[in-house]
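Participant: Please read through the structure below; I'll follow up with questions.
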Amino acid sequence: MSPSSENRVCRTFGIRLPLLMGAISPRPPLAAAVCRAGGLGCIEGISSPDKIRQQIRELRALTDAPFTVNFPLAFGDRSLVEGRVKVAIDEKVPAVLTSAGSPKVYTRMFQDAGIKVAHVVAGISHAEKAAEAGVDVLVAEPTESGGYRGANEIAMMVLVPAIARALPGVPLVAAGSVADRAGLVAVMALGAEGVQLGTRLMVTQEGRAFFPEYVEKMVLAADDTSTMSADGPTRPRVSKPEFAEKIVGDARKRAQMGQVAALIHDVPTIAEVVRELFDGGAAHARDVSAALERLRAGLAD
Ligand SMILES: Cc1cc2nc3c(=O)[nH]c(=O)nc-3n(C[C@H](O)[C@H](O)[C@H](O)COP(=O)(O)O)c2cc1C
111 MSPSSENRVC
121 RTFGIRLPLL
131 MGAISPRPPL
141 AAAVCRAGGL
151 GCIEGISSPD
161 KIRQQIRELR
171 ALTDAPFTVN
181 FPLAFGDRSL
191 VEGRVKVAID
201 EKVPAVLTSA
211 GSPKVYTRMF
221 QDAGIKVAHV
231 VAGISHAEKA
241 AEAGVDVLVA
251 EPTESGGYRG
261 ANEIAMMVLV
271 PAIARALPGV
281 PLVAAGSVAD
291 RAGLVAVMAL
301 GAEGVQLGTR
311 LMVTQEGRAF
321 FPEYVEKMVL
331 AADDTSTMSA
341 DGPTRPRVSK
351 PEFAEKIVGD
361 ARKRAQMGQV
371 AALIHDVPTI
381 AEVVRELFDG
391 GAAHARDVSA
401 ALERLRAGLA
411 D
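If you're matching positions, the sequence shown starts at 111 in the numbering used here and goes up one per residue.
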């Protein structure tokens, strides 16, 4: 038995570590770097069908490892979304990461083609609907995250345990707020079996080739007050204009990033991020466990 085979996220996707790359970059080389580090790389499925096909092939030339294509299902009219989805099916991609829209229509279509489906949810009722649609993995996106957070602003601390308890049969990945060992241990303690990283992966040595310099500058300078909800149906979390003005001298520059930017102060390689999470996380969990054991001594008999 491989070390990761008891983890349902690893088993579902055939990966070594339950680490999903968020849909942060359209470029295959960054996805390939995540795959090489043992996680599940992701490429975008929001451009034209031809472009998506080209990127799938580019990624396959870089790695044999499994990956996802991200389909925000509510973006574009029905025929365009269907054209994009058809490419994934024709190309027999291993998995998709669907978000921003109902998983009802496409989940079965993907699964009939042998494609695993992870679906992003921002609330418990969303999660229940996605489970009813039969998705393979749920990705919980709380309000702190850099992604599509839904209108109800539900915090990680509530979203992940509530979904884990309501739907124990579906493997759960926590998206957002994780950049280091403590973050990984925290989301696993809440009931997640894996993690999806966005902001942390943008600010890496490999990320430098794919994101503008001002994005890295803003993430490194961010504190707990630097982000806000953008308008629009998916309400991504973005840098505040006054913060952009202060850091890069232009209030119109906008970086999509999670609150976790406040914890990011370095530019490691992706392999170093993975080591910090899974090696550092195991050590951190032992320390937390030992501290709790000592506290038990304070219980009355
Ligand atoms: C620059 C950027 C672009 C993103 N674009 C998408 C997207 O197109 N589709 C999607 O489902 N999520 C998108 N996300 C959300 C990520 O997939 C991921 O869930 C999120 O960033 C996790 O939160 P974190 O940034 O706190 O780690 C994006 C996030 C960032 C930072």
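Cβ coordinates follow ideal geometry from the N, Cα and C atoms, glycine included.
1) Using C-beta distances below 7 Å, list every residue in its chain close to E201, excluding the 5 sequence neighbours before and after it, in chain order.
2) Find out if the Cβ-Cβ distance for the pair A198, I225 is shorter than 8 Å.
3) Report the residue from H375, P204, A296 and R362 whose alpha carbon sits nearest the alpha carbon of D415.
4) From the DSSP output, in three-state form, read off E303 for me.
5) Work out the CA separation of G304 and L294 for me, nearest whole Å.
6) L269 and A250 - do their beta-carbons sit closer together than 8 Å?
7) In whole angstroms, give me the CA-to-CA distance for A142 and A223.
8) Of the choices R126, R347, G151 and A147, whose alpha-carbon is the least far from that of P136?
9) Ignore the nearest five residues each way along the sequence and tell me which others in G390's own chain have a CB closer than 6 Å to its CB.
10) In angstroms, rounded to a whole number, what distance separates the CA positions of R318 and A354?
11) By a C-beta neighbour count over all protein chains shown, 10 Å radius and 16 as the cutoff for buried, is H375 buried or exposed?
12) Pick helix, strand or coil for M111, following the three-state DSSP scheme.
13) How would you call D246, buried or exposed, if buried means at least 16 neighbouring beta carbons within 10 angstroms?
14) I believe V280 touches L248 by the beta-carbon criterion, under 8 Å. Please report the beta-carbon distance rounded to the nearest angstrom.
15) Sort A184, D187, I153 and R188 by Cα distance to L172 and report the nearest one.
16) P128: beta carbon under 7 Å from a heavy atom of ligand 1?
17) Is M298 close to ligand 1? I mean its beta-carbon at under 7 Å from any heavy atom of the ligand.
18) Alpha carbon to alpha carbon, what distance is there between D411 and F123?
19) Tell me which residue opens and which closes the alpha helix (DSSP H) that M312 is part of.
20) Looking at the structure shown, is M328 part of a helix, part of a strand, or coil, going by DSSP?
21) Counting only runs that start and end within the stretch 345 to 407, where is the beta strand (DSSP E) found for 3 or more residues in a row?
22) Under a Cβ-count criterion, where at least 16 other Cβ atoms within 10 Å of its own Cβ denotes burial, should T178 be classed as buried or exposed?
Facilitator: Looking at the atomic coordinates:
1) Residue numbering aside, residue 201 sits at position 91 when the sequence shown is read from its first letter. Spatial neighbours of E201 in its own chain (CB-CB distance under 7 Å, excluding positions within 5 residues in sequence) are listed in chain order as R163 and I166.
2) One-based indexing of the sequence shown puts residue 198 at position 88. One-based indexing of the sequence shown puts residue 225 at position 115. Taking C-beta atoms as the reference points, A198 and I225 count as a pair closer than 8 Å.
3) Not covered by the structure: residue 415. The range shown for the chain is 111 to 411.
4) What you label residue 303 is simply residue 193 of the sequence shown in a count that begins at 1. If DSSP states are grouped into helix, strand and coil, E303 belongs with coil.
5) As a working note, residue 294 is residue 184 in the sequence shown. As a working note, residue 304 is residue 194 in the sequence shown. Each residue's alpha carbon lies about 8 Å from the other.
6) One-based indexing of the sequence shown puts residue 250 at position 140. One-based indexing of the sequence shown puts residue 269 at position 159. Against a cut-off of 8 Å, the Cβ pair of L269 and A250 comes out as a contact.
7) What you label residue 142 is simply residue 32 of the sequence shown in a count that begins at 1. What you label residue 223 is simply residue 113 of the sequence shown in a count that begins at 1. Spanning the two alpha carbons is a distance of roughly 23 Å.
8) Indexing the sequence shown from 1 puts residue 136 at position 26. Distances from the CA of P136 to each of R126, R347, G151 and A147 were compared; the closest alpha carbon is that of G151.
9) Position 280 of the sequence shown, counted from the first residue, corresponds to residue 390. The answer, listed in chain order, is R291.
10) Translated into positions along the sequence shown, residue 318 becomes position 208. Translated into positions along the sequence shown, residue 354 becomes position 244. Separation of R318 and A354 (C-alpha to C-alpha, rounded to the nearest whole angstrom) is 19 Å.
11) Along the sequence shown, read from residue 1 onward, the residue named residue 375 stands at position 265. Exposed: under 16 other Cβ atoms inside 10 Å.
12) As a first step, residue 111 is located in the sequence shown; it is residue number 1 there, counting from the start. Any reading at M111 must be qualified, since the residue scores a pLDDT of 45, below 50, and its modelled position is unreliable; the value itself is stated next. Under the three-state reduction of DSSP output, M111 falls in the coil class, being neither helix nor strand.
13) Numbered from its first residue, the sequence shown carries residue 246 at position 136. Buried, because 16 or more other Cβ atoms sit within 10 Å of the Cβ of D246.
14) Here residue 280 corresponds to residue number 170 of the sequence shown, with the count starting at 1. Here residue 248 corresponds to residue number 138 of the sequence shown, with the count starting at 1. Between L248 and V280 the Cβ distance is about 5 Å, and since that is below 8 Å, they are a contact.
15) Here the question's residue 172 lines up with position 62 in the sequence shown. For the residues A184, D187, I153 and R188, the minimum Cα distance to L172 belongs to I153.
16) For the purposes of this step, residue 128 is taken as residue 18 along the sequence shown, with counting starting at 1. No.
17) As a first step, residue 298 must be located in the sequence shown, where it is residue number 188. For M298, the Cβ stays outside the 7 Å cut-off from all heavy atoms of ligand 1.
18) For the purposes of this step, residue 123 is taken as the residue at position 13 of the sequence shown. For the purposes of this step, residue 411 is taken as the residue at position 301 of the sequence shown. Rounded to the nearest whole angstrom, the C-alpha separation of F123 and D411 is 46 Å.
19) Counting from one through the sequence shown, the residue named residue 312 turns up at place 202. Per DSSP, M312 belongs to the alpha helix (DSSP H) from T309 to M312.
20) For the purposes of this step, residue 328 is identified with residue 218 of the sequence shown, where counting begins at 1. DSSP places M328 in helix when its eight states are reduced to three.
21) Segments of the beta strand (DSSP E) lying fully in the stretch 345 to 407: 347 to 349.
22) For this step, residue 178 is matched to residue 68 along the sequence shown. Flag for T178 reads buried.
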